[in-house]
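Asker: So that we are looking at the same thing, I have put the structure below in structure tokens.
Residue numbers (my numbering), protein chains in the order written: chain A, 200 to 497; chain B, 200 to 497.
This is how it looks when you write it as structure tokens:
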């Protein structure tokens with residue numbers, strides 16, 4: 200690294216900006232509720248200045264890299280998906296230049312697509328995957344739409360999405376189960392998660408197992424505080440089972456998560472006999488942005 | 200039958216009343232958006248009169264039978280679940296008497312519970328099951344919370360619920376997929392359903408397959424009109440697969456459905472190699488109410 204770098208992970212509901220010093224350390228972070236859905240057409244240069252203008256003033260010479268939904272059809276400029284198998288060089292080469300308010304250029308990174316029968320897409324996670332170092336193996340990136348990706352010989356060869364986080368929000372927040380749910384105590388959180396993981400192993404599938412939250416509460420065998428943790432663990436365990444069916448062995452799994460997601464996925468993965476390495480998504484993003492910025496220059 | 204009968208299927212959002220003549224034919228029907236959630240505490244006698252008062256005046260001597268959520272904790276009076284295996288006689292015997300506005304009595308039928316590891320409950324469907332005649336076999340009752348039940352030697356021995364209808368409403372109406380969905384043409388309905396049934400067979404499970412609606416639209420391989428039918432067929436096929444895993448062979452299956460549900464379940468069951476008999480839910484309800492009224496008198 201000879202220069203600092205400004206990188207944004209600019210998603211649907213949130214933007215996170217980071218200024219990375221020439222030595223690779225993080226010098227400053229900014230985050231804002233300025234996801235692309237809050238930006239009007241033509242408003243991206245101004246929104247960028249709002250989110251990252253201060254970082255630009257701190258390092259005016261730093262190149263700017265934008266990842267995530269900012270490159271989607273509803274973003275600043277559409278950066279077409281790079282088809283898997285995808286290398287960091289191919290991702291960097293497909294970057295699209297945009298112009299900031301002050302006339303400087305920034306690069307919008309593309310997302311990835313893959314098509315092994317089922318078509319699938321990601322935007323933003325490709326940068327985290329690159330940041331993990333692209334060692335052979337399977338990577339789990341939990342979220343609203345979780346991604347599981349396979350890395351082989353330094354390239355991303357395929358991946359699959361799971362609507363886990365979004366379905367959790369709908370079931371826990373808006374279904375008949377929502378009325379039963381109360382704030383969990385730590386003991387309820389643990390007991391609910393244990394029941395949810397067990398329910399995921401039943402043969403009837405997710406649509407059947409989710410209803411158990413209602414009937415077990417009616418039966419007095421589950422408390423209101425256990426409902427949310429039950430649903431979360433049930434869905435995460437279903438996601439893990441689905442990923443295993445798609446990818447086969449999950450040995451040497453890498454998990455990119457922090458906070459509550461790291462805990463819930465860690466517990467469900469442990470119950471499935473898996474002990475993943477865990478990386479903080481923000482660290483993975485910084486490493487990925489640095490590597491892709493290097494590839495852009497190269 | 201020596202007397203007419205008034206029977207109500209009184210659910211969460213709707214009430215359907217039927218006056219059945221002494222010869223077993225339906226003499227009059229009334230239905231109203233007066234589900235139990237719209238009835239204030241203490242308001243059930245008045246709500247009953249609103250829904251079925253006219254039928255009472257047509258046949259003042261007819262006994263009154265109430266089935267469904269009206270017997271739940273949030274209903275008129277809680278009629279405790281009858282545990283499976285449950286016979287029509289046991290269901291009738293557990294009926295709870297309530298008093299109508301004019302002082303006459305009515306009977307609230309209980310729901311059923313079963314517990315083979317997972318606890319489960321139904322209210323209302325037990326009357327339809329009885330109405331089907333209780334021949335040995337498996338019965339599918341689609342709905343917001345679909346029920347699959349096993350009948351052996353004239354008793355209901357077990358059942359399982361699936362949140363299919365509710366999850367469809369959430370995914371098609373409120374998820375990221377909702378924004379993509381448009382009103383389907385007949386050709387789109389058929390093509391979407393075909394893709395949904397195929398997607399259900401993929402190894403990644405429901406959370407993965409549902410996301411395909413989004414990526415296939417992005418890829419231009421699915422139209423907006425196909426999204427709803429895709430999701431519906433995917434969920435129904437997942438439900439059928441779950442029922443098969445729970446109940447084993449589904450040969451001799453009976454489907455209790457009409458209209459769009461009869462069509463969508465019929466298509467998904469046919470794709471699974473099953474050719475169920477089909478009974479209209481209202482016919483099953485009338486037959487079940489008659490049989491349970493007979494057991495009450497007996």
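Note that beta-carbon positions come from the ideal geometry of N, C-alpha and C, so glycine has one too.
Tell me which residues of the region 401–432 of chain B have at least one Cβ-Cβ distance to chain A shorter than 7 Å, keeping chain order.
Answerer: Per Cβ criterion, the list reads 401, 402, 403, 404, 405, 406, 407, 409, 410, 411, 414, 415, 417, 418, 420.
Asker: Relative to the C-alpha of residue 321 of chain B, which candidate in B/266, B/232, B/370 has its C-alpha closest?
Answerer: Here residue 321 of chain B is taken as the residue at index 122 of the second chain, counted from 1. That would be B/266, whose Cα lies nearest to the Cα of residue 321 of chain B.
Asker: How would you call residue 407 of chain B, buried or exposed, if buried means at least 16 neighbouring beta carbons within 10 angstroms?
Answerer: By one-based count along the second chain, residue 407 of chain B stands at place 208. Buried: at least 16 other Cβ atoms inside 10 Å.
Asker: Beta-carbon within less than 6 Å of residue 436 of chain A's beta-carbon, same chain only, minus the 5 sequence neighbours each way: which residues are those?
Answerer: The residue given as residue 436 of chain A occupies position 237 in the first chain. The residues are 396, 399, 467.
Asker: Consult DSSP for residue 439 of chain B and reduce its assignment to one of helix, strand or coil.
Answerer: Start at 1 with the first residue of the second chain, and residue 439 of chain B comes out as number 240. The answer is helix: DSSP assigns residue 439 of chain B an H, G or I state.
Asker: Residue ranges of each alpha helix (DSSP H) run of no fewer than 4 residues wholly in the region 384–467 of chain A, ordered along the chain?
Answerer: The region 384–467 of chain A contains these whole alpha helix (DSSP H) runs: 385–399, 405–417, 423–446.
Asker: Does residue 362 of chain B come out as helix, strand or coil in the three-state DSSP assignment?
Answerer: Residue numbering aside, residue 362 of chain B sits at position 163 when the second chain is read from its first letter. Coil, per DSSP.
Asker: Would you report the Cα separation of residue 200 of chain B and residue 223 of chain B, rounded to the nearest angstrom?
Answerer: Here residue 200 of chain B corresponds to residue number 1 of the second chain, with the count starting at 1. Here residue 223 of chain B corresponds to residue number 24 of the second chain, with the count starting at 1. Only weak support is given to the placement of residue 200 of chain B: the predicted model assigns it a pLDDT of 47, under 50, and the question is left unresolved by the model.
Asker: Under the three-state reduction of DSSP, which class applies to residue 208 of chain A: helix, strand or coil?
Answerer: The count along the first chain starts at 1 and reaches residue 208 of chain A at position 9. Residue 208 of chain A: strand per DSSP, three-state reduction.
Asker: With a 10 Å radius around its C-beta and 16 neighbouring C-beta atoms as the bar for buried, classify residue 463 of chain A as buried or exposed.
Answerer: On the first chain, residue 463 of chain A is found 264 positions in, with the first residue counted as 1. Counting Cβ neighbours within 10 Å, residue 463 of chain A comes out buried, since at least 16 surround it.
Asker: Cβ closer than 7 Å: which chain A residues qualify as neighbours of residue 212 of chain B?
Answerer: Position 13 of the second chain, counted from the start, is the residue given in the question as residue 212 of chain B. Under the 7 Å cutoff, chain A gives no residues; its nearest Cβ is about 12 Å from residue 212 of chain B.
Asker: Measure the alpha-carbon distance for residue 465 of chain A versus residue 339 of chain B and round it to whole angstroms.
Answerer: Translated into positions along the first chain, residue 465 of chain A becomes position 266. Translated into positions along the second chain, residue 339 of chain B becomes position 140. Their Cα atoms are separated by approximately 38 Å.
Asker: To which residues of the same chain is residue 394 of chain A closer than 6 Å at the C-beta, ignoring the five residues directly before and after it?
Answerer: The count along the first chain starts at 1 and reaches residue 394 of chain A at position 195. Same-chain partners within the cutoff: 429.
Asker: For residue 205 of chain A, count neighbouring Cβ atoms within 10 angstroms of its own Cβ and tell me buried if that reaches 16, exposed if not.
Answerer: If you number the first chain from 1, residue 205 of chain A lands on position 6. Buried is the call here.
Asker: Can you name the start and end residues of the beta strand (DSSP E) that residue 314 of chain A belongs to?
Answerer: Along the first chain, one-based indexing puts residue 314 of chain A at 115. Looking at the DSSP string, the run of the beta strand (DSSP E) that includes residue 314 of chain A is 311–315.
Asker: Can you pull out the residues from the region 302–328 of chain B whose beta carbon lies closer than 9 Å to at least one beta carbon of chain A?
Answerer: Residues 312, 314, 316, 317, 318, 319, 320.
Asker: For residue 321 of chain B, write down the residues that DSSP places opposite it in a beta bridge.
Answerer: For this step, residue 321 of chain B is matched to residue 122 along the second chain. Answer by DSSP bridge pairing, in chain order: B/311.
Asker: So that I know if they touch, is there some Cβ in chain B lying closer than 9 Å to that of residue 276 of chain A?
Answerer: Residue mapping note: residue 276 of chain A aligns to position 77 of the first chain, counting from 1. So no, residue 276 of chain A is outside the interface.
Asker: Among A/254, A/368, A/372, A/231, which residue has its Cα nearest to the Cα of residue 213 of chain A?
Answerer: Here residue 213 of chain A corresponds to residue number 14 of the first chain, with the count starting at 1. Checked all of A/254, A/368, A/372, A/231; the closest Cα to residue 213 of chain A is A/231.
Asker: Alpha carbon to alpha carbon, how far is residue 319 of chain B from residue 264 of chain A? Give it in angstroms, no decimals.
Answerer: Here residue 264 of chain A is taken as the residue at index 65 of the first chain, counted from 1. Here residue 319 of chain B is taken as the residue at index 120 of the second chain, counted from 1. Cα to Cα, the separation comes out at about 53 Å.
Asker: Once DSSP output is grouped into helix, strand and coil, what is the label at residue 277 of chain B?
Answerer: As a working mapping, residue 277 of chain B is identified with position 78 in the second chain. Three-state result, residue 277 of chain B: coil.
Asker: Taking residue 226 of chain B as part of the beta strand (DSSP E), name the residues at either end of that continuous run.
Answerer: Position 27 of the second chain, counting from 1, holds the residue named residue 226 of chain B. Where residue 226 of chain B is concerned, the enclosing beta strand (DSSP E) stretches over 225–231.
Asker: Reducing DSSP to helix, strand and coil, say where residue 496 of chain A ends up.
Answerer: In the first chain, counting from the first residue as 1, residue 496 of chain A sits at position 297. Residue state, collapsed to three classes: helix.
Asker: Taking C-beta to C-beta, are residue 308 of chain A and residue 285 of chain A nearer than 9 Å?
Answerer: The count along the first chain starts at 1 and reaches residue 308 of chain A at position 109. The count along the first chain starts at 1 and reaches residue 285 of chain A at position 86. Cβ distance not < 9 Å, so residue 308 of chain A and residue 285 of chain A don't count as in contact.
Asker: Would you check if there are 3 or more beta carbon pairs closer than 8 Å linking the region 344–354 of chain B to the region 442–451 of chain B?
Answerer: At 8 Å Cβ cutoff, the stretches touch.
Asker: Taking only beta-carbon atoms, is residue 268 of chain A less than 9 Å away from chain B?
Answerer: Numbered from 1 along the first chain, position 69 holds the residue referred to as residue 268 of chain A. It does not: the Cβ of residue 268 of chain A has no partner Cβ on chain B nearer than 9 Å.
Asker: Give the straight-line distance between the Cα atoms of residue 490 of chain A and residue 390 of chain A, rounded to the nearest whole angstrom.
Answerer: Within the first chain, residue 490 of chain A is the residue found at index 291, counting from 1. Within the first chain, residue 390 of chain A is the residue found at index 191, counting from 1. Taking the straight line joining both Cα atoms gives about 42 Å.
Asker: By DSSP's criteria, residue 338 of chain B is part of a beta bridge. Which residues make up the other side?
Answerer: As a working mapping, residue 338 of chain B is identified with position 139 in the second chain. In DSSP, residue 338 of chain B forms a bridge with B/348, B/453.
Asker: Can you look up residue 215 of chain B in the DSSP assignment and give me helix, strand or coil?
Answerer: Within the second chain, numbered from 1, the residue matching residue 215 of chain B stands at position 16. Residue 215 of chain B falls in the strand class under three-state DSSP.
Asker: Output the distance between the C-alpha atoms of residue 495 of chain B and residue 290 of chain B, rounded to the nearest integer angstrom.
Answerer: Within the second chain, the letter at position 296 stands for residue 495 of chain B. Within the second chain, the letter at position 91 stands for residue 290 of chain B. Spanning the two alpha carbons is a distance of roughly 9 Å.
Asker: Can residue 434 of chain B and residue 370 of chain B be called in contact, C-beta distance under 9 Å?
Answerer: Residue 434 of chain B sits at position 235 when you count from the first residue of the second chain. Residue 370 of chain B sits at position 171 when you count from the first residue of the second chain. Yes.
Asker: Determine the chain A residues that contact residue 359 of chain B at a beta-carbon separation under 7 Å, and present them in chain order.
Answerer: Counting from one through the second chain, the residue named residue 359 of chain B turns up at place 160. Neighbours of residue 359 of chain B on chain A, chain order: 403, 407.
Asker: Among A/239, A/425, A/255, which residue has its Cα nearest to the Cα of residue 273 of chain A?
Answerer: Taking the first residue of the first chain as 1, we reach residue 273 of chain A at position 74. For residue 273 of chain A, the nearest C-alpha among the options comes from A/239.
Asker: Pull out every residue of the region 441–457 of chain A whose Cβ sits closer than 8 Å to any Cβ of chain B, in chain order.
Answerer: So the list reads 441, 442, 444, 445, given in the order they occur along the chain.
Asker: Is there a Cβ of chain B sitting closer than 9 Å to that of residue 398 of chain A, yes or no?
Answerer: The sequence position of residue 398 of chain A within the first chain is 199, counting from 1. Yes - at least one Cβ of chain B is within 9 Å of the one on residue 398 of chain A.
Asker: Spell out whether any CB of chain B is found under 9 Å from the CB atom of residue 209 of chain A.
Answerer: The count along the first chain starts at 1 and reaches residue 209 of chain A at position 10. With 9 Å as the cut-off, residue 209 of chain A does not count as an interface residue toward chain B.
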